[in-house]
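Numbering (full-length UniProt numbering) for the sequence shown: 1 to 812. Idealized CB from N, CA, C, for every residue including glycine. All figures in this text were calculated on a predicted structure; none of them were measured in a lab. Below is one structure, written out as structure tokens, with a few remarks after it.
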Amino acid sequence: MLTPTSSPTSAVAGVSSRSVSMVRVTGILEQLTTDVPGINVSVKDLSTSVSSILQGQQPPLSYHKISEQVHQLVIRGDDALTTLYTKINVELQAYVSRIVRDSRAFLMAREKNWLGKLLATWKEYSDRVHLLAAVFVYLDRVWCKEEGLENIATLATNFFALDVWKNDLLWEKTRNEVLAWVNAERQGVATDRNAVREVVALSHRLGTFKKLSSVYLDDLAEHYSREAQDRLNAVVAGGTGTEYVSWALAKEAEEAERSSVFFSDPSEVVKSLRLAVAHPASEVVRPALDEAMYRDDTEALSRLYVFCKEGGLVPVFAGALRSHIEQRMKQLISDPANDPQMIDSTLKFKRFADGAVGQIFGGAGRTSPTRAAAPSTPRQSRPSTPSEGLQPRKRRAELASRLPQSDVAVVLRGREAMGSSSTLPEPQEPQIKSQTQLELEDAVRAGFKAGLGSRQNAPAEWIAKHLDSVMRRGPKDGEDEFNALLDEIVALVGFTPDKDVFRAFYTSGLAKRLLLNKSASDDMERNMIIKLQKEMGEEFTSGDVMMKDLQLSETAKNPDDFKDHSDFTANVLTESAWPTYKLLKDGWALKLTPGLQSALDSFTMWYTTQHKNRKLSWRHQLATVVMTTRLGGGKYEITLSLFQAVVLLLYNEEDVLTCAEIQRRTGIETSELVRTLQSLAMGRKGTRVLLKRPSGKEVNPDDEFFLNKKFHSDRIKFKINQIQQDLSKEESKETNEQVLVDRVSVLEATIVRIMKARKTLPLAQLIDAVVVDVSKRFPPDVKEIKKRVESLIEREFLARSEQERNVLNYLA
1 MLTPTSSPTS AVAGVSSRSV SMVRVTGILE QLTTDVPGIN VSVKDLSTSV
51 SSILQGQQPP LSYHKISEQV HQLVIRGDDA LTTLYTKINV ELQAYVSRIV
101 RDSRAFLMAR EKNWLGKLLA TWKEYSDRVH LLAAVFVYLD RVWCKEEGLE
151 NIATLATNFF ALDVWKNDLL WEKTRNEVLA WVNAERQGVA TDRNAVREVV
201 ALSHRLGTFK KLSSVYLDDL AEHYSREAQD RLNAVVAGGT GTEYVSWALA
251 KEAEEAERSS VFFSDPSEVV KSLRLAVAHP ASEVVRPALD EAMYRDDTEA
301 LSRLYVFCKE GGLVPVFAGA LRSHIEQRMK QLISDPANDP QMIDSTLKFK
351 RFADGAVGQI FGGAGRTSPT RAAAPSTPRQ SRPSTPSEGL QPRKRRAELA
401 SRLPQSDVAV VLRGREAMGS SSTLPEPQEP QIKSQTQLEL EDAVRAGFKA
451 GLGSRQNAPA EWIAKHLDSV MRRGPKDGED EFNALLDEIV ALVGFTPDKD
501 VFRAFYTSGL AKRLLLNKSA SDDMERNMII KLQKEMGEEF TSGDVMMKDL
551 QLSETAKNPD DFKDHSDFTA NVLTESAWPT YKLLKDGWAL KLTPGLQSAL
601 DSFTMWYTTQ HKNRKLSWRH QLATVVMTTR LGGGKYEITL SLFQAVVLLL
651 YNEEDVLTCA EIQRRTGIET SELVRTLQSL AMGRKGTRVL LKRPSGKEVN
701 PDDEFFLNKK FHSDRIKFKI NQIQQDLSKE ESKETNEQVL VDRVSVLEAT
751 IVRIMKARKT LPLAQLIDAV VVDVSKRFPP DVKEIKKRVE SLIEREFLAR
801 SEQERNVLNY LA
């Protein structure tokens with residue numbers, strides 16, 4: 001390139017203002033303009049040169065000469081430029097027409113590799129056009145711009161797109177070749193992607209990519225719609241939903257990787273595929289979820305969630321999760337034979353459900369050495385680039401197994417949010433649950449609540465019994481794990497609608513643990529009472545009163561007035577705070593030994609002098625005795641119930657007694673005596689201090705019982721199972737019956753309280769208000785509410801309005 005010897009302004013002296021912009025080209029343009037003022041321009045030769053260049057032949061003028069002469073025409077603003085521009089148009093159209101003819105002949109001859117032929121034709125065409133544009137650069141870059149005309153490259157591209165790419169026959173062949181490549185890839189046949197990639201690049205150049213990409217996307221949608229329906233039919237015929245999900249995710253990853261040939265961003269392809277499988281997928285979600293849940297397969301459940309999330313089926317997933325849990329809980333609690341294992345199974349299932357939801361969103365959930373969530377396979381790390389270190393098939397497998405990042409928002413604070421590289425310890429980032437995670441957790445809770453509510457009373461009763469055994473056993477794996485277990489049980493209590501049933505059985509169990517000293521820890525009992533109060537309200541304050549009574553009972557004995565009975569202790573209970581323990585009435589005529597009776601009489605006399613306005617009533621069925629005895633040559637310390645002790649003390653005077661004689665001497669009711677004798681003579685090995693004649697489990701009045709003089713136990717201190725410690729079937733029945741009685745009282749009290757506040761209220765509104773209030777304790781029956789209203793009207797607490805019978809008035 002030459003350096004100009006004068007400024008651009010002097011170089012164009014005398015040139016019309018329209019051509020001033022020409023000076024911006026280069027120094028060589030200025031040199032030619034100034035040094036060669038009168039070049040003989042041959043428009044004919046220039047026109048011929050256009051034809052020659054596009055035909056791949058040597059033009060009559062050198063390239064330099066052509067450029068020089070075109071330059072001179074542009075300087076002059078010669079009208080011949082219009083002629084040349086028209087010539088270029090005509091020659092380009094002629095060239096494209098030849099291409100079309102040659103291409104059609106190629107197809108008619110059934111030659112192979114049409115895409116290669118198309119690309120080679122385009123390369124030759126574009127090379128010649130590029131040369132033409134370079135030689136006619138001043139016309140192409142200056143004159144066309146000033147005249148507002150399309151440059152040579154644009155003309156050539158438009159002609160090729162219109163006549164070659166959009167030619168029906170040629171386009172159909174191009175389309176078929178691309179689809180053939182796609183189908184071959186889907187069948188696992190090795191293909192050359194470069195040709196397709198170059199055709200895609202050509203479509204971008206020609207401005208026809210949308211047409212080509214729509215072919216790809218339409219075929220993808222059609223293909224996977226068919227295959228999805230086929231696989232759905234296979235699931236219906238006995239296949240598994242998890243296989244469908246795995247197939248869909250694998251194909252999504254495969255198509256996303258293949259689409260890199262067409263798209264820089266595979267989201268359009270993935271979206272099209274998801275839409276294709278969305279309709280049949282909604283029918284697969286439930287069976288796939290059932291399979292994963294029954295197998296405790298958290299990985300399969302996570303894949304299913306990813307599949308649903310990407311397909312817009314999260315609501316379907318949440319609904320299926322809720323329905324599965326509800327149905328499974330109904331199956332679990334519907335059979336009374338499963339009652340003893342009901343709560344253990346429920347807790348195990350809930351841990352899995354909670355852990356599975358936690359893992360879906362990147363959380364580990366609560367795990368422990370004995371209650372761990374289902375193990376999961378570590379996720380594969382993702383390469384830094386789509387093809388880094390992976391062959392196509394391996395890459396597809398990697399993508400298929402890849403799960404998305406956690407759906408959890410993270411709050412960034414302080415320096416970390418600003419990208420600081422400070423060496424200060426990074427504060428823990430609080431995690432905020434996403435709306436989707438909250439929805440799934442709600443689905444889990446709703447499922448358990450509906451399932452536990454499907455059977456009246458029983459779940460609440462067995463939750464209380466399970467809690468009783470847990471509180472007796474105490475922690476096994478540390479206090480943290482024990483507290484977590486208590487939280488799980490409290491959560492179950494929150495799910496059951498019969499909270500008053502749980503309260504009744506829990507209170508009964510708590511009372512026996514406290515009175516019989518069977519609780520693992522008083523501190524744990526207080527902790528549990530606090531947890532229940534937080535969950536259920538102040539109804540559980542009676543537990544505080546119970547523990548306070550026992551603390552006061554420790555100081556209830558005056559050492560001076562009661563020193564002769566130092567081995568006797570009494571627990572004084574507030575009757576309203578404790579379960580209702582019946583007095584020994586029908587069938588009872590209990591006769592204590594003189595020593596025991598003397599202790600009771602002395603304590604009663606002392607207590608009545610200390611508390612003149614209080615009355616004691618003894619509940620002997622809760623009493624325990626620690627007895628020291630010599631049996632079989634050994635000395636033992638035995639813990640018994642009061643009834644067992646009364647029976648055994650008879651053998652200080654007699655060697656053999658019949659059942660009838662024992663009853664006459666002790667006054668113990670028949671059924672209780674039978675259970676007592678069975679526990680003494682037929683208990684577990686090492687506790688059988690009595691022997692029975694004749695042998696057998698049945699106890700008849702004439703059966704004889706005598707001391708086991710060959711008794712031996714490996715333990716010096718032991719207890720004989722106290723049958724009354726555990727809730728019998730009769731006690732369970734009585735507790736449930738008492739709950740029903742209490743419900744009547746609660747309904748009436750609630751009705752009166754509401755009417756006292758409102759004074760006048762329509763019956764329908766009263767029923768609604770009662771249902772809302774009482775539902776916190778138990779599921780109310782509308783028919784029973786109406787009965788209570790009628791009963792209160794009869795007893796003149798309420799009255800019907802004289803104007804409207806459905807309106808009630810409160811009677812002060």
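- Taking C-beta atoms as the reference points, residue 546 and residue 578 count as a pair closer than 8 Å.
- For residue 489, the closest of 308, 345 and 438 by C-alpha to C-alpha distance is 345.
- Ranked by Cα distance from residue 802, the first of 762, 778 and 137 is 762.
- If you look at residue 525, you'll find it in the alpha helix (DSSP H) that goes 522-536.
- Taking all protein chains in view, the Cβ of residue 438 is surrounded by fewer than 16 other Cβ atoms within 10 Å, so the residue is classified as exposed.
- For residue 762, the three-state secondary structure derived from DSSP is strand.
- About 7 Å separates the beta carbon of residue 770 from that of residue 754, a gap short enough to meet the 8 Å contact definition.
- A check of alpha carbon separations from residue 70 across 436, 483, 135 and 797 identifies 135 as the nearest.
- Residue range 634-641 is occupied by the beta strand (DSSP E) that includes residue 634.
- Residue 110 and residue 307 have their C-alpha atoms some 44 Å from each other.
- Under the three-state reduction of DSSP output, residue 309 falls in the helix class.
- A straight-line Cα-Cα distance of about 47 Å links residue 162 and residue 234.
- Residue 160 and residue 89 have their C-alpha atoms some 12 Å from each other.
- Here residue 717 carries a strand assignment [DSSP, helix/strand/coil].
- Here the stretch 688-703 does not lie against the stretch 606-617, with fewer than 3 beta-carbon pairs under 8 Å apart.
- One thing to note: residue 638 has its Cβ within 8 Å of the Cβ of residue 629.
- Here residue 591 is not near residue 494, since their CB atoms are 8 Å or more apart.
- Comparing alpha-carbon positions, the option among 660, 477, 760 and 716 lying closest to residue 703 turns out to be 660.
- Looking from the CA of residue 248, the closest CA among 215, 282, 216 and 290 belongs to 282.
- Residue pairing from DSSP places residue 808 in a beta bridge opposite 761 and 800.
- Residue nearest to residue 153 within the set 191, 337, 731 and 54 is 54 (criterion: CA-CA distance).
- Excluding sequence positions up to five before and after residue 774, its CB lies within less than 7 Å of the CB of 746, 747, 750 and 780, all in the same chain and listed in chain order.
- Minimum Cα-Cα distance from residue 454 among the listed residues 504, 505, 358 and 333 corresponds to 333.
- Around the C-beta of residue 99, 16 or more other C-beta atoms lie within 10 Å, and the residue is accordingly described as buried.
- Counting along the chain, the unbroken beta strand (DSSP E) around residue 627 starts and ends at 624-631.
- Under the three-state reduction of DSSP output, residue 455 falls in the coil class, being neither helix nor strand.
- Uninterrupted alpha helix (DSSP H) stretches at least 4 residues long and entirely within the stretch 642-666 occur at 642-649 and 659-666, given in chain order.
- Counted as a single uninterrupted DSSP element, the beta strand (DSSP E) harbouring residue 705 occupies residues 704-707.
- The continuous alpha helix (DSSP H) containing residue 81 extends over residues 80-108.
- In this model, residue 200 and residue 316 are separated by some 38 Å (Cα to Cα).
- Counting along the chain, the unbroken beta strand (DSSP E) around residue 692 starts and ends at 690-693.
- Taking the Cα positions, residue 806 is about 26 Å away from residue 776.
- Approximately 4 Å separates the beta-carbon atoms of residue 498 and residue 460; this is inside 8 Å, confirming the contact.
- Taking all protein chains shown into account, residue 266 has 16 or more neighbouring C-beta atoms within 10 Å of its C-beta and is therefore buried.
- For residue 567, the three-state secondary structure derived from DSSP is coil.
- Contact between residue 689 and residue 648 holds: their C-beta atoms lie close to 7 Å from each other, under 8 Å.
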